[in-house]
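In the working numbering, the protein residues as written are 252 to 702.
Here is the structure we will look at, set down as structure tokens.
Here is the structure:
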């Protein structure tokens, strides 16, 4: 018992040092004005997540205009309200940009704390996803450190990309689903859907995790499981619709206008701004003929959602892995992706350590990530500022980055399916051997009786 207590204290102390170190690193980067550099990088911020555009929306509101006047601000009203409150506090403290920067820093630290707690909870709720942790296991701290010191996470925080609030909402929904709270977990799924639209598909894996928590498959005493599960799923989707409706109505009350529907969600789905980013949409819709635009918009947007149902049927026994796959698909194929989207699904990888030990192309994925991180700014400089390159150079890097993420998804999924198949074979062999043993015992008993 003393040894176990000492291990827990040691790991907690290590975690505190991780938080302090990562917080200090972010503070230094903010102090050295790296945010001025990173906030202008199109790999880090997009028209939907740019803090400068959010500030422009607040400036318009302060001058009696709608924040959505023109085509600058595309942030949801709740984010405008949050930073309006921060600006109000700053009037009394006069900290300048430091106060908003501290908000981003605190959000990053909070995500790390939640990831550590999630790592502890997963083995108890989803034993098929992760083996029980020993008292000497340092995996919770590794998960937090991987998030805090991931370069993509650092770039996103220092660049003040508001995608971190979407990431926080998704992590909170995962945390509360592992705790068994339907209301809180589903509310944060609704909030993430409100902030970034695409996470609406994560409601299905969250519902499956809630099912595993509230009706564990090991509990044989549960009667009428199918009815209970149907009631649970009905409750989840009902709470989701009510939560999302309430958030949208509250947003309407903030500005007494529904303009944000078109400026936030219409802007996302119709891809009105073709500023280059690390995604696939911008280049394709620059080149496509106008009379084909709506057709290909539907195909590109539908592409993200089409995987949800078939993956749900196949991965219903692995809801955490299912959630990770959906996050990776969103980060790869959404209309305005950024490195913060990739940082989210990378941060969940330690939770899937057991099923993903057999991946074959992890080295290639890591090397390509480094390759893209280094070359993308160089090719952008050559294209935009020096005129020695063209859009094809930069788009090629985007294709390579997309390919690496697709390779990670396919490789991970193939490993999990192989493990499932092997487990099924072993289970069938175990059942057949036990049946054979029972039959042999019965024959032996009959022979003894005849004698």
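Each residue gets a CB set at the ideal place from its N, CA and C atoms; glycine is no exception.
Close beta carbons around residue i, own chain, < 7 Å, minus the five adjacent residues each side
{"i": "residue 558", "result": "580"}
{"i": "residue 365", "result": "422, 423, 426"}
{"i": "residue 516", "result": "448"}
{"i": "residue 630", "result": "640, 644, 645, 648"}
{"i": "residue 260", "result": "none"}
{"i": "residue 334", "result": "305, 309, 351"}
{"i": "residue 456", "result": "570, 573, 574, 577"}
{"i": "residue 354", "result": "337"}
{"i": "residue 567", "result": "459"}
{"i": "residue 441", "result": "491, 494, 495, 498"}
{"i": "residue 548", "result": "521, 522"}
{"i": "residue 463", "result": "376, 377, 570"}
{"i": "residue 556", "result": "452"}
Rounded Cβ spacing between residue i and residue j (contact assumed at less than 8 Å)
{"i": "residue 375", "j": "residue 295", "result": "Residue 375 to residue 295, Cβ: 36 Å. No contact."}
{"i": "residue 465", "j": "residue 483", "result": "6 Å"}
{"i": "residue 398", "j": "residue 598", "result": "4 Å"}
{"i": "residue 522", "j": "residue 532", "result": "5 Å"}
{"i": "residue 429", "j": "residue 369", "result": "6 Å"}
{"i": "residue 401", "j": "residue 367", "result": "About 15 Å; that fails the 8 Å criterion."}
{"i": "residue 267", "j": "residue 395", "result": "That pair is no contact at about 11 Å."}
{"i": "residue 436", "j": "residue 461", "result": "7 Å"}
{"i": "residue 658", "j": "residue 615", "result": "7 Å"}
{"i": "residue 290", "j": "residue 411", "result": "6 Å"}
CB contact flag (residue i, residue j, <8 Å)
{"i": "residue 413", "j": "residue 326", "result": "yes"}
{"i": "residue 710", "j": "residue 377", "result": "Not covered by the structure: residue 710. The range shown for the chain is 252 to 702."}
{"i": "residue 662", "j": "residue 611", "result": "yes"}
{"i": "residue 331", "j": "residue 318", "result": "yes"}
{"i": "residue 651", "j": "residue 617", "result": "no"}
{"i": "residue 577", "j": "residue 452", "result": "yes"}
{"i": "residue 624", "j": "residue 293", "result": "no"}
{"i": "residue 329", "j": "residue 587", "result": "no"}
{"i": "residue 240", "j": "residue 634", "result": "Any answer about residue 240 is impossible in this case: the structure gives the chain only from 252 up to 702."}
{"i": "residue 356", "j": "residue 278", "result": "yes"}
{"i": "residue 348", "j": "residue 274", "result": "no"}
{"i": "residue 409", "j": "residue 280", "result": "yes"}
Distance between residue j and residue i (C-alpha atoms, nearest Å)
{"i": "residue 589", "j": "residue 654", "result": "15 Å"}
{"i": "residue 575", "j": "residue 596", "result": "6 Å"}
{"i": "residue 688", "j": "residue 593", "result": "Confidence at residue 688 is low in this model, with a pLDDT of 49, below 50, so its placement is unreliable and no value can be given for it."}
{"i": "residue 674", "j": "residue 506", "result": "55 Å"}
{"i": "residue 487", "j": "residue 373", "result": "20 Å"}
{"i": "residue 497", "j": "residue 458", "result": "20 Å"}
{"i": "residue 415", "j": "residue 678", "result": "43 Å"}
{"i": "residue 286", "j": "residue 340", "result": "21 Å"}
{"i": "residue 609", "j": "residue 379", "result": "16 Å"}
{"i": "residue 538", "j": "residue 550", "result": "16 Å"}
{"i": "residue 386", "j": "residue 265", "result": "14 Å"}
{"i": "residue 316", "j": "residue 508", "result": "12 Å"}
{"i": "residue 314", "j": "residue 320", "result": "11 Å"}
{"i": "residue 504", "j": "residue 322", "result": "22 Å"}
{"i": "residue 485", "j": "residue 536", "result": "39 Å"}
{"i": "residue 454", "j": "residue 518", "result": "23 Å"}
{"i": "residue 529", "j": "residue 258", "result": "43 Å"}
{"i": "residue 621", "j": "residue 446", "result": "29 Å"}
{"i": "residue 438", "j": "residue 680", "result": "44 Å"}
{"i": "residue 656", "j": "residue 481", "result": "34 Å"}
{"i": "residue 388", "j": "residue 272", "result": "21 Å"}
Chain-order list of residues whose beta-carbon lies under 8 Å from that of residue i (same chain, five-residue window excluded)
{"i": "residue 324", "result": "304, 305, 307, 308, 311, 318, 331, 514"}
{"i": "residue 694", "result": "With a pLDDT of only 37 at residue 694, under the threshold of 50, the placement of this residue in the model should not be trusted, and no figure is reported."}
{"i": "residue 660", "result": "576, 579, 580, 583"}
{"i": "residue 607", "result": "600, 663, 666, 667"}
{"i": "residue 344", "result": "350"}
{"i": "residue 384", "result": "370, 371, 374, 390, 391"}
{"i": "residue 475", "result": "At residue 475, the pLDDT of 48 sits below 50, so the modelled position is not reliable; the number obtained from the coordinates is stated separately. None."}
{"i": "residue 534", "result": "527, 642, 646, 649"}
Heavy atom of the ligand NAD within 7 Å of residue i beta-carbon
{"i": "residue 625", "result": "As far as ligands go, the structure on display features none, and thus does not contain the ligand NAD."}
Residues near residue i in its chain [Cβ-Cβ closer than 6 Å; skip 5 each side]
{"i": "residue 443", "result": "417, 420, 421, 450"}
{"i": "residue 381", "result": "373, 374, 605"}
{"i": "residue 471", "result": "Low per-residue confidence applies at residue 471: pLDDT is 44, beneath 50, and the placement is therefore not dependable enough to give any value."}
{"i": "residue 585", "result": "449"}
{"i": "residue 696", "result": "In this prediction, residue 696 has a pLDDT of 43, which is less than 50 and means its spatial position is unreliable; nothing more can be read from the coordinates."}
{"i": "residue 524", "result": "298"}
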